[in-house]
Amino acid sequence: MAGASVSRRLVQSSGLKNLQTNINNSCKRLYSTETDGTKASTRRILAGLILSRTPVVTPELTEFEKAYYHYQDELERRLMWTFPSYYYFKKGSLRERQFNAAQRGPVPRHANIWYPKGIPDIQHNRERRLKQEIVIPRQSADNDGLFGNNEESDDSLGRPIVLNSRHTEADEINDTTSLKRKLDRTLYLVVKEQDKNIWRFPAFSLEQKEPLHIAAERGLRQIGGVNINTWTVSNTPAGVTRFNESGQVIGKEESTDSSKREFYIKSHILHGKFVPQDGQDFAWLTREELGSKLDEPYYNSVEPLLSLN
Numbered sequence: 000m001a002g003a004s005v006s007r008r009l010v011q012s013s014g015l016k017n018l019q020t021n022i023n024n025s026c027k028r029l030y031s032t033e034t035d036g037t038k039a040s041t042r043r044i045l046a047g048l049i050l051s052r053t054p055v056v057t058p059e060l061t062e063f064e065k066a067y068y069h070y071q072d073e074l075e076r077r078l079m080w081t082f083p084s085y086y087y088f089k090k091g092s093l094r095e096r097q098f099n100a101a102q103r104g105p106v107p108r109h110a111n112i113w114y115p116k117g118i119p120d121i122q123h124n125r126e127r128r129l130k131q132e133i134v135i136p137r138q139s140a141d142n143d144g145l146f147g148n149n150e151e152s153d154d155s156l157g158r159p160i161v162l163n164s165r166h167t168e169a170d171e172i173n174d175t176t177s178l179k180r181k182l183d184r185t186l187y188l189v190v191k192e193q194d195k196n197i198w199r200f201p202a203f204s205l206e207q208k209e210p211l212h213i214a215a216e217r218g219l220r221q222i223g224g225v226n227i228n229t230w231t232v233s234n235t236p237a238g239v240t241r242f243n244e245s246g247q248v249i250g251k252e253e254s255t256d257s258s259k260r261e262f263y264i265k266s267h268i269l270h271g272k273f274v275p276q277d278g279q280d281f282a283w284l285t286r287e288e289l290g291s292k293l294d295e296p297y298y299n300s301v302e303p304l305l306s307l308n
C-alpha cells in the first residue's frame, strides 16, 4: 500500500511539472517576435480617420422655430417690467426731455370713445396690455441732443446693429478646400486616392504594434502637414468597413481572414488647416455632399458615423 501511494505521488508530481512546462512554452510563444502570419494580419488592418470641423455658427432656424421664438420674445416683452425712466433720468433734466420726446407714446384714454382693441390701460406712459418699445435718443458728435445731423459714432448706443454674414466668399465660389464654408454645418475631410477616381476618408497602414489612434494621427500629419491641431475623440474605433481583395466594400457575413478591415477613429480639427504634402486632392464636405462624392457601398457603411447636421 505504501509503495502504491508513493507511485501516485510521483505521477501527480510529474504531471504538474509537465503542465508547468507547457504553460512556460506558451508564454514564450506569446512574447516571441512577430511571425509572418501576424505581420500579414497587421497589413490587412488600416486606421481610418474621420476628421470633422464642427459648426462655427448656430444652424438656420426652420419656419416653426422662427414662429416659436418670435412668440416667446413677444410674450417676454409683454410681461416685462415697465422701463424705469425715473431711475436713469433726473426729473426735469434735458436728458429726460430728450428721452420722452423720442418715445412713441401710447394712445391716450378718452371718455365717450370706443376702442376696438379694448380700453387703454396706461401707467408710467406705457400701455400695459402691449409690449413696451424703448427708443434711444440720437446723439450728435457735438452733443446737440436729439436733432444732431452728424452720423452716429461706432460707440453710440443708438447705432444700428449690423450682423456678420453667415455666407462667406468660400460659399459663393464653392471652394470645397476651404474650412470657411458652410459655417452652420459639420464638414468632413475626404481625399482622392492616388491614380484612382475614388474619394475616401484618409486611411493609413499600421506600423509594428502601433495603436489605431496613433497611426491615424501620424498619417494625417504625413499627408496634411504638421500645422494642424486636432483632438481625437476616443482611442476606440467608432466603426469598421470591410474590403475584399479587389478593394470593394463587403458585408460582415462575406468577410474572410484575407479581407482588409478599415477601423475609423473620430477626430476634430481645432486650429490650422490641411495642406497636402504630395499634391493629393482633398475636400471638406457636408453629409449630403459626401453622399454624391463617395461611392454608394462605401458611403452606406460610414453614414451611421456622420453627424446629422
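307 is the number that numbering that gives the first Met the number 0 gives to position 308 of the sequence shown; each next residue is one higher, with no gaps.
Each residue gets a CB set at the ideal place from its N, CA and C atoms; glycine is no exception.
Are there 16 or more other CB atoms within 10 angstroms of the CB of residue i, so buried, or fewer, so exposed?
i: Ile133; result: exposed
i: Arg220; result: exposed
i: Gly36; result: Reliability of the predicted coordinates at Gly36 is poor, the pLDDT of 46 falling under 50, and the value obtained from them is presented with this limitation in mind. Gly36 is exposed by the Cβ-count criterion.
i: Lys27; result: Reliability fails at Lys27, whose pLDDT of 42 lies under 50, so the model's placement of it is uncertain and no value is given.
i: Ser63; result: The residue you asked about is not Ser; residue 63 is Phe in the sequence shown. Exposed is the call here.
i: Leu188; result: buried
i: Trp283; result: buried
i: Leu293; result: buried
Is it the case that the Cβ atoms of residue i and residue j are separated by a distance below 8 Å?
i: Ala101; j: Pro136; result: yes
i: Arg50; j: Thr229; result: Before going on, a small fix: residue 50 reads as Leu here, not Arg. Yes; because the gap between Cβ atoms is below 8 Å, this pair is in contact.
i: Leu45; j: Lys259; result: yes
i: Asn234; j: Pro201; result: no
i: Asp170; j: Pro58; result: no
i: Arg127; j: Ile118; result: no
Quick one: measure Cβ to Cβ for residue i and residue j, integer angstroms, because I've assumed they're closer than 8 Å.
i: Pro236; j: Ile213; result: No, Pro236 and Ile213 are not in contact; Cβ-Cβ is about 13 Å, not under 8 Å.
i: Glu261; j: Val239; result: 7 Å
i: Leu178; j: Thr285; result: With 8 Å as the limit, Leu178 and Thr285 do not qualify as a contact, their Cβ atoms being about 12 Å apart.
i: Arg165; j: Val56; result: 6 Å
Taking residue i as part of the alpha helix (DSSP H), name the residues at either end of that continuous run.
i: Gly50; result: Just to set this straight, residue 50 is Leu in the shown sequence, not Gly. Premise fails: Leu50 lies in the beta strand (DSSP E), Ile44 to Arg52, not in any alpha helix (DSSP H).
i: Lys228; result: In the sequence as presented, Lys is not what sits at residue 228; that position holds Asn. Asn228 -> not in any alpha helix (DSSP H); beta strand (DSSP E) instead, spanning Ile227 to Thr231.
i: His69; result: Glu62 to Leu78
i: Ala214; result: Leu211 to Gly223
Shortest alpha-carbon distance to residue i belongs to which of the options?
i: Gly47; options: Asn243, Pro303, Ile249 and Arg199; result: Arg199
i: Asp194; options: Asn308, Ser257, Asn234 and Gly278; result: Gly278
i: Thr176; options: Pro275, Leu307 and Ala66; result: Pro275
i: Thr81; options: Ser245, Asn124, Asn196 and Thr185; result: Asn124
i: Arg241; options: Asn299, Ala215, Glu287 and Gly224; result: Asn299
i: Leu129; options: Trp113, Gly104, Ile112 and Asn111; result: Gly104
i: Leu269; options: Glu244, Glu302 and Asn226; result: Asn226
Residue i CB to nearest chain B CB: under 8 Å?
i: Arg241; result: Of the protein chains in the structure, only one exists, and it is not chain B.
Could you give the residue range of the beta strand (DSSP E) that holds residue i?
i: Ala110; result: Where Ala110 is concerned, there is no enclosing beta strand (DSSP E), given that its DSSP letter is neither H nor E.
i: Glu261; result: Lys259 to Gly271
i: Ala237; result: Segment: none, Ala237 is in no beta strand (DSSP E) and carries neither H nor E.
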